[in-house]
Amino acid sequence: MKHFLTKLIQGEADQSVHRRFIKFSKGEFPNGGPVLRAKATKKNTMAVNSSFEYEDLLGYFLASNLPDDTYKVGGNIYTQPRVELDWIQNELEELSLSSGWEKGKRDLKKLMVYPMDLNLSPDEITQIFEKLSTNCYLLLTINPEKGKEWVFKAAEKIPPLKKTFGKADPYSECKPDKRIKCKNAELCQKTGICITERTKFCRIKTGYLEEFAEFFELVIPDFPQLHQSFTELLVINQYTINKLVFPEDRDSLSPQELREKIKKAGFVERIVYVDNKIQSKKVDFIV
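Quick look at the structure:
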């Protein structure tokens, strides 16, 4: 599975990546991209919390490392905006998930939703993430029959844009007593990102892992120089869009069609914080 940000930074942005940027106009979006916090223990286990749009990556990582067993899978699968169920019918049939879809409710009524309540093997769960993450939001829960490790939990609903983007200046709006206690207050002041608030959407807890190389390759493939032994890892993605690229046939398009076809040119700033050391890079894109 290749995460949409990996496609973006590797110059492989396709239509599925473009769809994620339709909601953006020109400007700076410090809270526009997903955020992740991972903590490793001396026993080589990991606890990871993230924002929306990292849930597919975390779910795939957990599923592909699960010990052989049967796992309870709940939650919901949503089609992404502008994705028709017919487009993924072949994948759904391969996964035995082609029937049982419902219309979303209230603000999600334009989407289709599949309520999950199955017992699946690690391979079956991995296949769901591999085959559906491009066109669906996989807001699932994964639990072993026994124990508190190898757990995945995403929120049940897609967050509204206002909540996704976060507060414009979380550091200034933070109460002084909370600011003093916050370990990431300095990073919040520099980046405009409240790590605590932005990483409440999804979480995983692993059991023993032989190494963290696979996790680093999935999350930050563009930082191969970083040592893969860590205590805390933070990843922030901030978008700046400088230009709107209009299609050649713009005059023949309706306002809605035009909005969906306009490409965005700008850059993503990737900020990686590993054990009190910060590295960053900017990657240009047209998507």
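For the sequence shown, the working numbering gives the first residue as 369, with consecutive numbering after it. Idealized CB from N, CA, C, for every residue including glycine.
Residues in its own chain within less than 7 Å of residue i by CB, not counting five upstream and five downstream?
i: residue 391; result: 529
i: residue 489; result: 438
i: residue 374; result: 589
i: residue 369; result: 428, 497, 498, 501
i: residue 376; result: 385, 636, 653, 655
i: residue 614; result: 630
Within the continuous beta strand (DSSP E) that includes residue i, where are the two ends?
i: residue 654; result: 645 to 654
i: residue 446; result: 439 to 447
i: residue 609; result: 600 to 613
i: residue 509; result: 504 to 512
i: residue 520; result: 519 to 522
i: residue 573; result: 570 to 573
i: residue 405; result: 403 to 408
i: residue 491; result: Run containing residue 491: none in the beta strand (DSSP E); it sits in the alpha helix (DSSP H), 490 to 500.
i: residue 396; result: 395 to 397
Could you say which of the options lies nearest to residue i if we only look at CA atoms?
i: residue 477; options: 642, 450, 394; result: 450
i: residue 655; options: 463, 611, 644; result: 611
i: residue 465; options: 617, 378, 556, 485; result: 485
i: residue 445; options: 570, 619, 481; result: 481
i: residue 483; options: 587, 574, 472; result: 472
i: residue 578; options: 375, 597, 527, 568; result: 597
i: residue 510; options: 602, 581, 574; result: 574
i: residue 395; options: 608, 517, 624; result: 608
i: residue 526; options: 570, 493, 430; result: 570
i: residue 630; options: 381, 389, 377; result: 389
i: residue 524; options: 650, 507, 515; result: 507
i: residue 514; options: 613, 435, 491; result: 435
i: residue 599; options: 414, 378, 380, 646; result: 414
i: residue 492; options: 568, 463, 619, 474; result: 463
i: residue 495; options: 461, 593, 474; result: 461
Quick one, are the C-beta atoms of residue i and residue j less than 7 Å apart?
i: residue 403; j: residue 604; result: yes
i: residue 425; j: residue 386; result: no
i: residue 617; j: residue 635; result: no
i: residue 642; j: residue 586; result: no
i: residue 467; j: residue 566; result: no
i: residue 581; j: residue 497; result: no
i: residue 318; j: residue 459; result: The requested residue 318 is not part of the displayed model; the chain covers only 369 to 655.
Hey, could you find the ends of the alpha helix (DSSP H) residue i is sitting in?
i: residue 422; result: Premise fails: residue 422 is in no alpha helix (DSSP H) and is neither H nor E.
i: residue 559; result: 553 to 559
i: residue 388; result: 383 to 389
i: residue 642; result: Not the alpha helix (DSSP H): residue 642 falls in the beta strand (DSSP E), residues 631 to 642.
i: residue 545; result: 544 to 549
i: residue 587; result: 581 to 587
i: residue 540; result: 538 to 541
i: residue 373; result: 372 to 377
i: residue 566; result: 563 to 566
i: residue 457; result: 457 to 462
Cutting at 8 Å between CB atoms, please list the residues of its own chain near residue i, excluding the five before and the five after it.
i: residue 713; result: Here the chain has residues from 369 to 655 only, and residue 713 is not among them.
i: residue 556; result: 538, 539, 542, 550, 562, 563
i: residue 487; result: 438, 439, 440, 441
i: residue 504; result: 445, 446, 447, 448, 451, 456
i: residue 397; result: 533, 606, 607, 608, 609
i: residue 627; result: 390
i: residue 382; result: 375
Count the other CB atoms, across all protein chains shown, that sit within 10 Å of the CB of residue i; report buried if there are 16 or more and exposed otherwise.
i: residue 455; result: exposed
i: residue 423; result: buried
i: residue 632; result: buried
i: residue 521; result: buried
i: residue 548; result: exposed
i: residue 559; result: buried
i: residue 421; result: buried
i: residue 405; result: buried
i: residue 409; result: exposed
i: residue 623; result: exposed
i: residue 576; result: exposed
i: residue 606; result: buried
i: residue 665; result: In the structure as shown, the chain begins at 369 and stops at 655. Residue 665 is therefore absent and cannot be evaluated.
i: residue 644; result: exposed
i: residue 401; result: buried
Short of 6 Å in beta carbon distance, which residues of its chain neighbour residue i, apart from the five on each side in sequence? Order them along the chain.
i: residue 384; result: 502
i: residue 591; result: 640
i: residue 479; result: 446, 447, 472
i: residue 518; result: 434, 512, 575
i: residue 584; result: 596
Using a Cβ-Cβ distance under 7 Å, would residue i count as near chain D?
i: residue 455; result: Chain labels in this structure do not include chain D; a single protein chain is all it has.
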